[in-house]
Every structure is written in C-alpha cells, then in structure tokens.
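Colleague: Oh and the sequence shown: position 144 is 144 in the UniProt record's numbering, straight run, nothing missing. Beta carbons are placed, not taken as given, at the ideal position from N, Cα and C, and that holds for glycine.
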Amino acid sequence: MTEERGLAREAPGGRDGGQDRRMRAIGPDTGRFLNTLARSLPAPVILEIGTSFGYSGIWLAEAASASGGRLVTMELHAYKSAHAQEMSERAGLSGHVDFRVGDALELIGAMQERPDMVFLDCWKDLYAPCLQALLPKLAPGAMIVADNMIRPGGPEIRRYAEAVRAVLGMSSVLLPIGTGLEISRLSTE
Numbered sequence: 001m002t003e004e005r006g007l008a009r010e011a012p013g014g015r016d017g018g019q020d021r022r023m024r025a026i027g028p029d030t031g032r033f034l035n036t037l038a039r040s041l042p043a044p045v046i047l048e049i050g051t052s053f054g055y056s057g058i059w060l061a062e063a064a065s066a067s068g069g070r071l072v073t074m075e076l077h078a079y080k081s082a083h084a085q086e087m088s089e090r091a092g093l094s095g096h097v098d099f100r101v102g103d104a105l106e107l108i109g110a111m112q113e114r115p116d117m118v119f120l121d122c123w124k125d126l127y128a129p130c131l132q133a134l135l136p137k138l139a140p141g142a143m144i145v146a147d148n149m150i151r152p153g154g155p156e157i158r159r160y161a162e163a164v165r166a167v168l169g170m171s172s173v174l175l176p177i178g179t180g181l182e183i184s185r186l187s188t189e
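1) Since residue 137 contacts residue 111 with CB under 8 Å, what's their CB separation in whole angstroms?
2) Grouping DSSP H, G and I as helix and E and B as strand, with all else coil, what is residue 98?
3) Going by alpha carbons, who is nearest to residue 144 out of 45, 85, 84 and 80?
4) Residue 56 CB to nearest chain B CB: under 8 Å?
5) Only counting the same chain, and skipping five residues up and downstream in sequence, which positions put a Cβ closer than 7 Å to that of residue 149?
6) Rounded to whole angstroms, what is the Cα-Cα separation between residue 70 and residue 154?
7) How big is the Cα-Cα spacing for residue 41 and residue 72?
8) Nearest-angstrom Cα distance between residue 96 and residue 78?
9) Rounded to whole angstroms, what's the CA-CA distance from residue 89 to residue 109? Just pull it up for me.
10) Nearest-angstrom Cα distance between residue 47 and residue 29?
11) With DSSP as the reference, label residue 187 as helix, strand or coil.
12) Hey, quick one: how far does the beta strand (DSSP E) through residue 172 stretch, first residue to last?
13) For residue 72, which of helix, strand or coil comes out of DSSP?
14) Less than 8 Å between the CB atoms is what I'm expecting for residue 74 and residue 126, so what's the real figure, rounded?
15) Using alpha carbons as the reference points, say which of 99, 116 and 163 lies closest to residue 130.
16) On the criterion of 16 or more Cβ atoms from any shown chain inside 10 Å, does residue 166 qualify as buried, or is it exposed?
17) According to DSSP, is residue 33 part of a helix, a strand, or is it coil?
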C-alpha cells in the first residue's frame with residue numbers, strides 16, 4: 001500500500017535536487033539489533049522515517065511479521081519507496097508493510113496509528129522536528145531509535161539528543177552500534 005502526501009513541499013527533483021541516488025543503508029549489526037528490539041514487542045506498530053532503498057525496512061518488517069505487527073515506512077523520494085516495495089515483495093514481507101511517500105512531518109501529522117517503535121533515519125535536520133511531531137502520537141512505552149548519533153554527528157544530531165533527553169518521562173541511552181543509536185523509551189504512565 002502506498003500513500004502519497006506532502007509532495008508539494010518537495011523541491012523539484014527532491015529535497016536535494018534529485019542527487020540522492022546513493023544506497024544509504026544501516027549495517028548488518030544495526031539491522032540485527034533493530035530486529036531483536038522489534039521482536040520483543042507484541043504485535044507492534046513500527047514506524048520507519050527514511051525508507052531509503054528498504055534494507056532497514058526488511059529487518060523491521062521481518063520482526064513485525066513474526067509478532068503479528070506491521071511496519072509503516074515513510075520516504076520523501078517516490079523512486080526509493082518503489083524500490084523498497086519491490087525488495088519487500090521479494091522478501092515475502094509486503095503484506096506487513098505500509099509504504100507512504102511525502103514530507104515526513106506532514107505524514108506524521110496525518111498518522112492515525114500510535115507507534116510502539118520508531119526508527120528515525122532521515123535528514124538529520126529533521127530529527128528534532130520529527131520528535132516533536134511524534135510525541136503526541138506515540139503509544140505508552142514506545143521506543144524511538146535514532147541512527148547516526150555518533151557518526152557523522154554534527155549540530156543537528158546534538159540538537160536532537162538534547163531534545164529527546166529533555167522530554168518528560170523519556171529515558172535515553174546512546175549505544176555504539178553501527179554509526180551510533182540513541183535508544184529512547186517513553187514512560188508507560
């Protein structure tokens with residue numbers, strides 16, 4: 001299933017002028033970690049912000065399928081989402097994935113689901129705004145996993161780390177897995 005929204009905010013050729021054709025992907029250690037974390041949740045709604053070409057989505061969708069949950073994955077670029085859909089079909093997981101194309105902040109705002117787990121791996125300047133948009137949508141006890149928290153780093157990453165650690169009822173830890181994962185969990189109360 002593909003849902004398209006927010007394309008009017010996308011610059012011609014995409015946010016980056018259509019230059020982002022690189023195969024951006026997490027490493028296998030990060031994939032295994034995400035899969036293990038997602039499998040620990042009963043029938044989770046998993047939200048991935050930044051589908052790219054679908055590698056991380058395969059790890060997350062496999063965990064969702066094993067526990068009766070589903071993955072909602074958001075991507076700005078339609079061509080990347082189409083490739084990820086093809087990969088999920090090849091993996092036999094397409095029935096557990098809902099693909100959405102458009103501006104992440106608009107798509108989050110329109111979400112009816114309450115995610116139990118979020119994997120944040122989009123443009124780094126969107127991490128803090130995505131966090132703010134997500135907070136009213138999260139299920140009690142939800143986890144947010146943010147990638148690239150050690151490498152490449154930078155001011156946007158520091159801004160997100162400060163913002164997530166300042167959320168009342170949120171506990172957070174930085175793990176040196178892959179390029180660095182900030183794991184944050186919202187209180188169940």
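Modeller: This is what the structure gives:
1) Taking the first residue of the sequence shown as position 1, residue 137 is located at position 137. Taking the first residue of the sequence shown as position 1, residue 111 is located at position 111. Contact flag correct, Cβ pair sits at about 6 Å.
2) Here residue 98 refers to the residue found at position 98 of the sequence shown. In this structure, residue 98 counts as strand in the three-state DSSP scheme.
3) Reading the sequence shown from its first residue, position 144 is the one you call residue 144. Comparing Cα positions, the closest option is 45.
4) Among the chains of the structure shown, chain B does not appear; only one protein chain is present.
5) Position 149 of the sequence shown, counted from the first residue, corresponds to residue 149. 157, 161, 174, 180, 181 and 182.
6) Position 70 of the sequence shown, counted from the first residue, corresponds to residue 70. Position 154 of the sequence shown, counted from the first residue, corresponds to residue 154. Their backbone Cα atoms lie some 32 Å apart in a straight line.
7) What you label residue 41 is simply residue 41 of the sequence shown in a count that begins at 1. What you label residue 72 is simply residue 72 of the sequence shown in a count that begins at 1. Cα to Cα, residue 41 sits roughly 15 Å from residue 72.
8) Numbered from 1 along the sequence shown, position 96 holds the residue referred to as residue 96. Numbered from 1 along the sequence shown, position 78 holds the residue referred to as residue 78. When rounded, the distance between both Cα atoms is 19 Å.
9) Position 89 of the sequence shown, counted from the first residue, corresponds to residue 89. Position 109 of the sequence shown, counted from the first residue, corresponds to residue 109. Roughly 28 Å separates the two Cα atoms.
10) Here the question's residue 47 lines up with position 47 in the sequence shown. Here the question's residue 29 lines up with position 29 in the sequence shown. Roughly 20 Å between the two C-alpha positions.
11) Taking the first residue of the sequence shown as position 1, residue 187 is located at position 187. The answer is coil: DSSP assigns residue 187 none of H, G, I, E or B.
12) Translated into positions along the sequence shown, residue 172 becomes position 172. Run containing residue 172: 170-175, per the beta strand (DSSP E) assignment.
13) For this step, residue 72 is matched to residue 72 along the sequence shown. Strand at residue 72.
14) In the sequence shown, residue 74 corresponds to position 74, counting from 1. In the sequence shown, residue 126 corresponds to position 126, counting from 1. Wrong, their Cβ atoms sit about 11 Å apart, outside the cutoff.
15) Counted from its first residue, the sequence shown places residue 130 at position 130. With distances taken between Cα atoms, residue 130 lies closest to 163.
16) In the sequence shown, residue 166 corresponds to position 166, counting from 1. It is exposed - the Cβ of residue 166 has fewer than 16 other Cβ atoms within 10 Å.
17) As a first step, residue 33 must be located in the sequence shown, where it is residue number 33. In this structure, residue 33 counts as helix in the three-state DSSP scheme.
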